[in-house]
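First the structure, in the form of structure tokens, and then the observations on it.
There are 2 protein chains.
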Amino acid sequence: MRLYDSTIPSGNAYKVHLLLSLLGHRYETKELDILATPSETRRPEFLKINPNGRIPVLQLNDGSVLPESNAILYYLADGTRYLPSTQLGRAQAMQWMFFEQYSHEPYVAVLKYGTYWGGLDKCRPEDIERWKTRGQAALDVMERHLAGRGYFVDRFSIADIALYAYTHGAEPVGFGVGPAVRAWLARVAAQPGHVPIKRDPTGRAP
Amino acid sequence: MRLYDSTIPSGNAYKVHLLLSLLGHRYETKELDILATPSETRRPEFLKINPNGRIPVLQLNDGSVLPESNAILYYLADGTRYLPSTQLGRAQAMQWMFFEQYSHEPYVAVLKYGTYWGGLDKCRPEDIERWKTRGQAALDVMERHLAGRGYFVDRFSIADIALYAYTHGAEPVGFGVGPAVRAWLARVAAQPGHVPIKRDPTGRAP
């Protein structure tokens with residue numbers, strides 16, 4: 005398998021690296037420069053692979069390609085312990101993964117990108133305020149859900165992997181993280197096979 | 005089962021109505037006024053049901069609740085013809101549902117809401133321009149994918165239901181729809197058991 009990633013660390017690509025590591029799969033990585041003009045993900049060669057112009061994309065051994073980080077997690081987890089075994093449990097994992105892409109990533113990840121690579125000074129103050137408010141609201145929903153729970157659904161699953169990717173980097177860019185989220189971050193980091201997100205080759209992120 | 009919906013027509017709730025109709029399930033509907041101040045979805049009673057303060061939510065017969073429209077589609081389709089039968093097919097259905105929530109709904113649905121109920125005159129011109137540009141980009145990705153295909157994945161599935169909800173109302177709010185998308189919209193509308201989105205009780209939407 006081949007994973008299309010970016011040269012700078014992407015939380016969405018990191019989700020896939022993390023699950024591939026937990027599963028012990030072998031794969032190769034192809035990195036694209038998203039800071040180039042135009043981004044290497046928006047050039048004709050890559051648009052043939054993903055017409056939506058985004059990483060990550062997983063290329064399978066038969067040549068088929070799968071975009072969307074959470075769809076890749078679902079594909080890789082199918083038939084493993086990382087996808088809940090009941091119909092409701094699987095749907096609840098999906099619930100938290102859609103929450104991640106709709107209510108969390110567009111604010112927490114976007115503020116992270118702006119802070120390290122995009123240049124917050126070029127952003128409109130109202131946009132920055134919106135990212136902070138809505139990102140914090142998502143983290144607060146997570147805090148309430150995790151109070152008294154070990155993981156998002158019964159036991160450790162792809163829902164935790166999806167939400168861990170950008171949550172573990174939220175505090176350094178100014179978000180508040182409560183005690184339940186903090187304890188959950190530690191539980192995810194303690195999973196056998198856990199790997200950290202890669203280093204930033206530009207040196208702008210810690 | 006009980007479906008929490010809004011009084012004005014919501015594409016996200018319509019997805020669930022459509023699949024429930026295709027499956028022939030009986031259910032009741034509870035409507036919340038999202039135009040009220042504060043929205044009925046952000047009041048304490050409803051935040052106990054969905055701490056993220058959004059409809060739709062499906063309440064199951066055992067009392068458990070499931071938010072996130074596409075997670076509800078996945079729950080209801082599990083074990084039926086509306087979820088693809090192969091591992092890759094299921095993941096491709098998820099791919100298009102995550103595409104819908106990340107690259108399509110935040111622009112097409114938001115412009116629709118602003119046009120009919122939110123008041124575009126109160127929005128910033130840069131925001132309106134962004135919704136138009138990115139929403140059109142999503143519709144163009146769909147057009148390229150559907151050229152020569154009947155449905156998003158092999159045969160009619162929850163991926164088509166998720167994308168139909170806001171795409172069939174895109175042209176009236178100013179988006180361009182190509183011939184492949186137009187033919188696909190007609191194929192979805194011809195499914196046995198298809199129901200249209202409900203009428204707008206405020207009379208502002210057509």
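First to last, the sequence lines map onto chains A and B.
Just so you know, the first sequence maps onto residues 5 to 210 in this note's numbering.
Just so you know, the second sequence maps onto residues 5 to 210 in this note's numbering.
Glycine included, each C-beta is placed from N, C-alpha and C at the ideal position.
Excluding the 5 residues preceding and the 5 following residue i in the sequence, name in chain order all residues of the same chain whose CB lies nearer than 6 Å to its CB.
i	result
Val157(A)	Pro88, Gly93, Gln96, Ala97 and Ala163
Leu143(A)	Phe179
Lys202(B)	Pro13
Leu23(A)	Leu77, Leu80 and Ile165
Glu44(B)	Leu36 and Asp37
Tyr120(B)	Arg208 and Ala209
Arg46(B)	Gly57
Gln63(A)	Arg6 and Val69
Ala151(A)	Ala184
Tyr86(B)	Ser161 and Ile162
Find out if the Cβ-Cβ distance for the pair residue i, residue j is shorter than 9 Å.
i	j	result
Leu51(B)	Gln99(A)	no
Pro55(B)	His198(A)	no
Ala17(A)	Ile59(A)	yes
Phe160(A)	Arg191(A)	yes
Gly118(A)	Gln91(B)	no
Tyr8(B)	Glu104(B)	no
Val177(B)	Val112(B)	yes
Gly15(A)	Gly173(A)	yes
Glu147(B)	Pro183(B)	yes
Thr11(A)	Pro196(A)	no
Phe102(A)	Met5(B)	no
By the 10 Å Cβ neighbour count, where 16 or more other Cβ atoms means buried, how is residue i classified, buried or exposed?
i	result
Asn65(A)	exposed
His29(A)	exposed
Ser68(A)	exposed
Glu109(A)	buried
Glu72(A)	buried
Ala75(B)	buried
Leu27(B)	exposed
Gly57(A)	buried
Leu213(A)	A query on residue 213(A) cannot be resolved here, the shown segment of chain A reaching from 5 to 210 and no further.
Leu39(A)	exposed
Beta-carbon within less than 8 Å of residue i's beta-carbon, same chain only, minus the 5 sequence neighbours each way: which residues are those?
i	result
Glu175(A)	Val181
Thr132(B)	A small correction: the amino acid at residue 132(B) is Ile; Thr does not occupy that position in the sequence shown. For Ile132(B), where only same-chain residues beyond five positions count, the Cβ hits under 8 Å are Leu115, Gly118 and Leu124.
Ser107(A)	Arg138, Ala141, Ala142 and Val145
Arg230(B)	Here chain B has residues from 5 to 210 only, and residue 230(B) is not among them.
Lys34(B)	Arg6, Leu7, Tyr8 and Asp9
Thr136(A)	The amino acid at residue 136(A) is misidentified as Thr; the sequence shows Lys. Cβ neighbours of Lys136(A) beyond the five flanking positions: Tyr111, Leu115, Gly178 and Phe179.
Within a Cβ cutoff of 7 Å, which residues of the same chain sit near residue i, ignoring the five residues on either side of it in sequence?
i	result
Tyr31(A)	Met5, Arg6, Leu7 and Leu24
Val61(B)	Tyr8, Ile53, Asn54, Val69, Leu70 and Pro71
Cys127(B)	Gly118
Got a sec: is the Cβ-Cβ distance from residue i to anything in chain D below 9 Å?
i	result
Lys136(B)	In the structure shown, chain D does not exist; the protein chains are A and B.
- Quick one, which residues of the segment 94-107 of chain B are near chain A if we go by CB-CB under 9 Å, in chain order? Arg94, Ala95, Gln96, Ala97, Met98, Gln99, Trp100, Met101, Phe102, Phe103, Gln105, Tyr106 and Ser107
- Closer than 8 Å, Cβ to any Cβ of chain A: which residues of the segment 186-207 of chain B, in chain order? none
- Item | Contiguous alpha helix (DSSP H) assignments of at least 4 residues, all confined to the segment 174-208 of chain A | Entirely contained in the segment 174-208 of chain A, the alpha helix (DSSP H) runs reaching 4 residues are, in chain order, 183-193.
- Task: Name, going along the chain, the residues of the segment 135-152 of chain A whose beta-carbon falls closer than 9 Å to a beta-carbon of chain B.
- Result: Ala141, Ala142, Asp144, Val145, Arg148 and His149
- If contact means a Cβ-Cβ distance below 7 Å, which residues of the segment 47-59 of chain A contact chain B? Pro55 and Asn56
- Task: Check each residue of the segment 59-77 of chain A: if its Cβ is closer than 7 Å to any Cβ of chain B, include it; give the result in chain order.
- Result: Ser68, Leu70, Pro71, Glu72, Asn74 and Ala75
- Query: What are the residues of the segment 14-28 of chain A that lie near chain B, defined by any Cβ-Cβ distance shorter than 9 Å?
  - Reply: none
- Where in the segment 51-118 of chain A do unbroken runs of the beta strand (DSSP E), each at least 3 residues long, occur, reported from the N-terminal end onward? Those beta strand (DSSP E) runs which fall completely within the segment 51-118 of chain A and span 3+ residues are 61-63 and 69-71.
- Which runs of the alpha helix (DSSP H) fall wholly inside the segment 11-49 of chain B and span at least 4 residues, in chain order? 15-27
- Query: Which residues, in order along the segment 78-92 of chain B, keep a beta-carbon less than 8 Å from a beta-carbon of chain A?
  - Reply: Result list: Tyr78, Tyr79, Asp82, Gly83, Gln91 and Leu92.
- Message: In chain order, what are the residue ranges of uninterrupted beta strand (DSSP E) at least 3 long that sit wholly in the segment 114-155 of chain A?
- Response: none
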